[in-house]
Amino acid sequence: MHKLINVWTKPFDKRRIHQKGDTMKDSKNLYTRCFSEYKLSDEDLKKLQNELLGILVDIKTVCDKYQIDYMLCGGTMLGAIRHKGFIPWDDDVDLMMLRSEFSKFKKVFLEEFPDRYEIAEPLKTPRYYSKMVKVFKKGTTYVEIPTAGVGGPDMFFADIFLLENIPAPGWKRSLRTFVYNIAFKAASVCLDYKYPSPPIMEKCKTDRELKQYYTFRRCAGFAFSIFGRIESYLKICENISNLKEETNWLGITSASGYLDDLYPRELLTHFTDAEFCGYMMKVPKEYEKYLKADFGDYMQIPPPEKREVHSAYKIEFSE
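Each position in the sequence shown, counted from 1, maps to that position plus 165 in the numbering used here.
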């Protein structure tokens, strides 16, 4: 075993669990409080999960047919291990694959399902400003509250997080992290400035905390927009992420930051199967290490008050 993997044999530093994505979680909590009227009903959540399962099964089918490596990740992997399917209150599907595997996937997936899906990529899909790849299902509508003003692809989707090569610890990694994270945040706040969300703007009229938070983001977006467009900052993120040289570290840079999801390569290049809603899906062979890194005591089901509440500004199911 490579010595870099030894970090996973030590007692895990729980500070990473709590620090990772704290700002993102705080904003989600704020939006949950402010937009309770858009909370998905139990019936709609179940229907949404059924739609998402269909997307996931189609992705798996193509990957199996063409021998393309993929893995469940995030809450979808947790759901497979803990629930053998969706986390009961979850409303999305997350996968990860090496960038080289995704290049093979996108060439064949739309050939298999030309009328059912479209693949959105940063800097390639019009009015699409997310930093990860998404597989959208045509004939559906799913408008998220933060991006309700963008007018881009608003359909049911599966997230595909690309696994990127990350340099070894040192000045190169530190410099790339610094520049990437600034560009990452700049793109996000510029989006709020250029395409303000109608439901958020309306709610700001009556909610002081939301108004302060969103005004700050839009002011920051205005400042960053002086120096560059959203596309400029996304291009910086893309250039830094797409490191051609194979390294001993892999990261999901598109989630919340350059080093927020960092793993030894060996952990994410060996696979096993886990059941998900009756289908066998790929997960890392040592999935316990991944799940402990992301969730801590991952088999412990959180109490209702700590479960993420999901909402949608608009939702329409396929016929």
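For every residue, glycine included, the Cβ atom is placed at its ideal position computed from N, Cα and C. Given the structure is predicted, the values throughout are model-derived calculations rather than measurements.
Taking residue i as part of the beta strand (DSSP E), name the residues at either end of that continuous run.
{"i": "G219", "result": "Segment D207 to K230 is the alpha helix (DSSP H) holding G219; no beta strand (DSSP E) there."}
{"i": "A323", "result": "F322 to I331"}
{"i": "V474", "result": "Here V474 belongs to no beta strand (DSSP E), and DSSP marks it neither H nor E."}
{"i": "A439", "result": "F436 to F441"}
{"i": "E481", "result": "K479 to E481"}
{"i": "Y307", "result": "T306 to V308"}
{"i": "I284", "result": "Y282 to A285"}
{"i": "M366", "result": "Per DSSP, M366 belongs to no beta strand (DSSP E); it is in the alpha helix (DSSP H), P363 to K368."}
{"i": "M242", "result": "M242 -> not in any beta strand (DSSP E); alpha helix (DSSP H) instead, spanning G239 to H248."}
Smallest Cα separation from residue i: which of the options?
{"i": "W254", "options": "T241, F301 and K370", "result": "T241"}
{"i": "I233", "options": "E410, R264 and L218", "result": "R264"}
{"i": "P363", "options": "Y307, F321 and A313", "result": "A313"}
{"i": "L328", "options": "K450, G461, P467 and T412", "result": "T412"}
{"i": "M297", "options": "S419, D223, D357 and V227", "result": "S419"}
{"i": "P311", "options": "N330, I365 and E453", "result": "I365"}
{"i": "G393", "options": "S192, E309, R247 and K350", "result": "K350"}
{"i": "S192", "options": "K479, H435 and S421", "result": "S421"}
{"i": "I229", "options": "E202, E266 and Y203", "result": "Note on identity: in this sequence residue 229 is Asp, with Ile being the wrong assignment. Measuring from the Cα of D229, the nearest candidate turns out to be E266."}
{"i": "G304", "options": "R341, P279 and Y203", "result": "P279"}
Cβ atoms of residue j and residue i: under 8 Å apart, would you say?
{"i": "K400", "j": "L217", "result": "no"}
{"i": "A477", "j": "L205", "result": "yes"}
{"i": "L195", "j": "L415", "result": "no"}
{"i": "G250", "j": "F381", "result": "no"}
{"i": "C402", "j": "Y360", "result": "no"}
{"i": "I417", "j": "F326", "result": "yes"}
{"i": "K269", "j": "Y235", "result": "no"}
{"i": "P332", "j": "T290", "result": "no"}
{"i": "V315", "j": "R292", "result": "yes"}
Can you give me the C-alpha to C-alpha distance between residue i and residue j, rounded to a whole angstrom?
{"i": "E470", "j": "L408", "result": "41 Å"}
{"i": "Y463", "j": "I252", "result": "12 Å"}
{"i": "V300", "j": "V474", "result": "23 Å"}
{"i": "D256", "j": "Q214", "result": "6 Å"}
{"i": "K450", "j": "Y307", "result": "33 Å"}
{"i": "S339", "j": "Y423", "result": "10 Å"}
{"i": "G443", "j": "F389", "result": "47 Å"}
{"i": "K368", "j": "Y358", "result": "16 Å"}
{"i": "L275", "j": "A245", "result": "26 Å"}
{"i": "L433", "j": "A385", "result": "36 Å"}
{"i": "I347", "j": "S353", "result": "10 Å"}
{"i": "Q377", "j": "E396", "result": "26 Å"}
{"i": "K271", "j": "W336", "result": "34 Å"}
{"i": "E277", "j": "V227", "result": "8 Å"}
{"i": "E481", "j": "D209", "result": "10 Å"}
{"i": "R472", "j": "I224", "result": "28 Å"}
{"i": "H248", "j": "I391", "result": "48 Å"}
{"i": "D426", "j": "N330", "result": "12 Å"}
{"i": "M445", "j": "D438", "result": "6 Å"}
{"i": "P207", "j": "E410", "result": "With the sequence shown as reference, residue 207 is identified as Asp, and Pro is not the correct amino acid for it. Roughly 46 Å separates the two Cα atoms."}
{"i": "K212", "j": "Y398", "result": "36 Å"}
{"i": "M261", "j": "D324", "result": "8 Å"}
{"i": "F387", "j": "R341", "result": "24 Å"}
{"i": "K454", "j": "V222", "result": "25 Å"}
{"i": "K179", "j": "E431", "result": "Unreliable placement is indicated for K179, whose pLDDT of 34 sits below 50; the coordinate value is still reported in the next sentence. C-alpha separation (whole angstroms): 22 Å."}
{"i": "Y452", "j": "F343", "result": "29 Å"}
CB-CB under 6 Å to residue i, same chain, minus the five flanking residues each way: which ones, in chain order?
{"i": "G239", "result": "D259"}
{"i": "Y294", "result": "L356 and I395"}
{"i": "K479", "result": "T306 and V308"}
{"i": "Y379", "result": "I365 and C369"}
{"i": "E286", "result": "V298"}
Whose C-beta lies closer than 8 Å to the C-beta of residue i among residues of the same chain, with five residues either side of it excluded?
{"i": "K302", "result": "E216, G219, I220, R281, Y282, M320, F321, F322 and S483"}
{"i": "P334", "result": "none"}
{"i": "F436", "result": "D234, M236, K447, V448, P449 and K450"}
{"i": "V172", "result": "In this predicted model, V172 has a pLDDT of only 42, less than 50, meaning its place in the structure is not dependable enough to derive any value."}
Terminal residues of the continuous alpha helix (DSSP H) containing residue i?
{"i": "V354", "result": "W336 to K359"}
{"i": "D123", "result": "The structure shown has nothing for residue 123, since the chain only spans 166 to 484."}
{"i": "T412", "result": "Counting along the chain, T412 falls outside any alpha helix (DSSP H), and DSSP gives it neither H nor E."}
{"i": "A388", "result": "R373 to F392"}
{"i": "Y149", "result": "With the chain running from 166 to 484 in the structure shown, residue 149 is simply not present."}
Return the chain-ordered list of same chain residues with a C-beta closer than 7 Å to the C-beta of residue i, the five sequence neighbours on each side being excluded.
{"i": "P467", "result": "none"}
{"i": "L243", "result": "I252, L456, F460 and Y463"}
{"i": "C199", "result": "K368, D372 and L375"}
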